[in-house]
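Undergrad: Before we start, here is the structure in question, set down as structure tokens.
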Amino acid sequence: MYRRNFCRALMALVLFFSLTVPAFAAAPQNISAKACVLMLADTREVLYAENENEQLSMASTTKIMTALLALESGLWEQQVKVTSDMVQVEGTSIGLLPDDLISVRTLISGMLLESGNDAANVTAYAVAGGQAQFLDLMNQKAAEIGMENTHFDSVSGLDTESHYSTAYDMALLTAYALENPKFRSICSEQSERVYYGNPPYARTLYNHNKLLANYEGAIGVKTGFTKKSGRCLVSAAERDGVTLIAVTLNAPDDWNDHKKLLDYGFSVAHLYDASGLQKSDLSIKVVGGDTATVGVAAAYTPQFSVAGDAADVQTKTYLKYFLYAPVEKGETVGCVCYTYNGKIIEQVPLVAAQSVGAVTTEKTDGPKQSLFHRIRDFFTKQE
């Protein structure tokens, strides 16, 4: 009996590891970071982590949030006149001076490429009227994204006692930010020609992210360093449709850490096409239509990244019980929800595959039928 139970336990253990970690994929070794996380951008699945929920200062990776809010403000083309109050900040700079003219678009580049603290400060004034007001926006957005262990107390990333985040929260922020095409485009530029000054003149901003030049598929995102924080780095890379996010906080060997993390991620993750899960025989009854039913189709076929077994992807379909004619082709009539390991990762609208016209059921030689009777007669015919 003991030997039998032992064998069963051993087989269960082997099965568990065979499903969760492919045999060919060795976990990253000798990561120097105090805290790190590797995440799939689309599903937010964590592939590897160490101390991912430990609250630490995150230096200029803070500017991911500052730049994101600037993008979402809608002030993309607005010209800002710099004042002396706006540029009273220490640390890295893009050389802004009082009375300079600069667009919000260029301020974003100044933050994401050159990590300009002055650009972050000017952004706070341009978007919210001051740093205190902008910090409120940063913390509101953090709560919206789900950054439960984060508090922003600096728009640029300079250290304060109440300015902190976690590797996991910074990965969540980055996954959200990369969904913005403008953010993704700017953070992936190795350099950019911009204009600002009084009067504005041409300058070149250079990205500090070395991975853009020496790691295949790299698309950013942000570097950071202070004495308290140590070296902080948020990176992202895309290959074959899979986008990975790596975060390290207080990592003396951050460039190599990220190569190890990303290499591991690409060895275990793959793009999953959900077309095989989509049903092709869906239909809905139509009341008062020139046909009794209307076909239903998914608005699109989703693709998303997974690292485990494709069998863990499941669907649940939600459809209206019936429709009233007329029905327009492409009209939303429900949705299909995709889950992976119990977590919702995509909700795809279900739409009418064709139009259905309305027909009258009124009798020419008698009184009009009530809506109740029309519906009753319709379902009676279906039985």
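Here the sequence shown is numbered in numbering that gives the first Met the number 0, starting from 0 and rising by one per residue.
Using N, Cα and C, we set each Cβ at its ideal position, and we do this for glycine too.
Hey, which unbroken runs of the alpha helix (DSSP H) at 4 residues or more fall wholly within the region 221-292?
TA: 253-267
Undergrad: Report the residue from 268, 66 and 147 whose alpha carbon sits nearest the alpha carbon of residue 111.
TA: 66
Undergrad: Determine the contact status of residue 53 and residue 26, defining contact as a CB-CB distance below 7 angstroms.
TA: Residue 26 sits away from residue 53, with the two beta carbons spaced by 7 angstroms or more.
Undergrad: Assuming contact is defined by CB atoms lying nearer than 7 angstroms, are residue 85 and residue 121 in contact in what I supplied?
TA: The answer is yes: Cβ separation under 7 angstroms.
Undergrad: So what does DSSP say about residue 196, is it helix, strand or coil?
TA: strand
Undergrad: Of the choices 79, 215, 150 and 166, whose alpha-carbon is the least far from that of residue 159?
TA: 150
Undergrad: With a threshold of 8 angstroms, are at least 3 pairs of Cβ atoms found where one atom belongs to the region 320-336 and the other to the region 255-268?
TA: no
Undergrad: Give the range of the alpha helix (DSSP H) segment to which residue 105 is assigned.
TA: First-last of the alpha helix (DSSP H) with residue 105: 103-111.
Undergrad: When DSSP labels each residue in this structure, what does residue 190 get in the three-state scheme?
TA: strand
Undergrad: Compare the beta carbon distance of residue 231 and residue 118 with 7 angstroms and say whether it is the shorter of the two.
TA: With contacts defined as CB atoms closer than 7 angstroms, residue 231 and residue 118 fail to qualify as a contacting pair.
Undergrad: Quick one: grab the DSSP three-state call for residue 49.
TA: strand
Undergrad: Can you give me the Cβ contacts of residue 174 inside the same chain, cut-off strictly under 7 angstroms, excluding the 5 residues immediately before and after it?
TA: The beta carbon of residue 174 is closer than 7 angstroms to those of 38, 40, 43 and 244 in its chain, skipping five residues each way along the sequence.
Undergrad: Compare the C-alpha of residue 133 against each of 208, 77, 267 and 71 and name the closest.
TA: 71
Undergrad: Just to confirm, is the Cβ distance from residue 61 to residue 169 under 7 angstroms?
TA: Taking 7 angstroms as the Cβ cut-off, residue 61 and residue 169 do not qualify as a contacting pair.
Undergrad: To the nearest angstrom, how far is it from the Cα of residue 348 to the Cα of residue 318?
TA: 10 angstroms
Undergrad: Given that a residue counts as buried once 16 or more other Cβ atoms are within 10 Å of its Cβ, and exposed if not, what is residue 247?
TA: buried
Undergrad: Does the separation of the CB atoms of residue 187 and residue 229 fall below 7 angstroms?
TA: No. Outside cutoff.
Undergrad: Classify residue 343: buried if its beta carbon has 16 or more other beta carbons within 10 angstroms, exposed otherwise.
TA: exposed
Undergrad: Residue 193 and residue 108: beta carbons closer than 7 angstroms?
TA: yes
Undergrad: Which partner residues of residue 342 appear in the DSSP bridge assignment?
TA: For residue 342, which the question treats as bridged, DSSP gives the partners 339.
Undergrad: Are there three or more Cβ pairs, one per stretch, closer than 8 angstroms when the region 133-145 is compared with the region 209-216?
TA: no
Undergrad: To the nearest angstrom, report how far apart residue 302 and residue 340 are at their CA atoms.
TA: Going by the C-alpha atoms only, they are around 16 angstroms apart.
Undergrad: Quickly, what does DSSP pair residue 164 with across the bridge? List them, please.
TA: 55
Undergrad: For residue 98 versus residue 197, is the C-beta spacing smaller than 7 angstroms?
TA: Pairing residue 98 with residue 197 gives a Cβ-Cβ distance under 7 angstroms.
Undergrad: Going by Cα to Cα distance, which pick from 104, 338, 270 and 124 is closest to residue 185?
TA: 104
Undergrad: Is the beta carbon of residue 36 sitting closer than 7 angstroms to the one on residue 166?
TA: yes
Undergrad: Do the CB positions of residue 298 and residue 350 come within less than 7 angstroms of each other?
TA: yes
Undergrad: Using CA atoms only, rank isn't needed, just tell me which of 275, 270, 176 and 291 is closest to residue 234.
TA: 176
Undergrad: By DSSP, does residue 150 sit in helix, in strand, or in coil?
TA: strand
Undergrad: With 16 as the cutoff for other CB atoms within 10 Å, does residue 332 come out buried or exposed?
TA: buried
Undergrad: In whole angstroms, give me the CA-to-CA distance for residue 206 and residue 296.
TA: 45 angstroms
Undergrad: Do residue 285 and residue 355 have their C-beta atoms closer together than 7 angstroms?
TA: yes
Undergrad: Helix, strand or coil for residue 319? Go by DSSP, reduced to three states.
TA: In the structure shown, residue 319 adopts coil according to DSSP, grouped into three states.
Undergrad: Any idea what DSSP makes of residue 30, helix, strand or coil?
TA: Three-state result, residue 30: coil.
Undergrad: Compare the beta carbon distance of residue 56 and residue 163 with 7 angstroms and say whether it is the shorter of the two.
TA: yes
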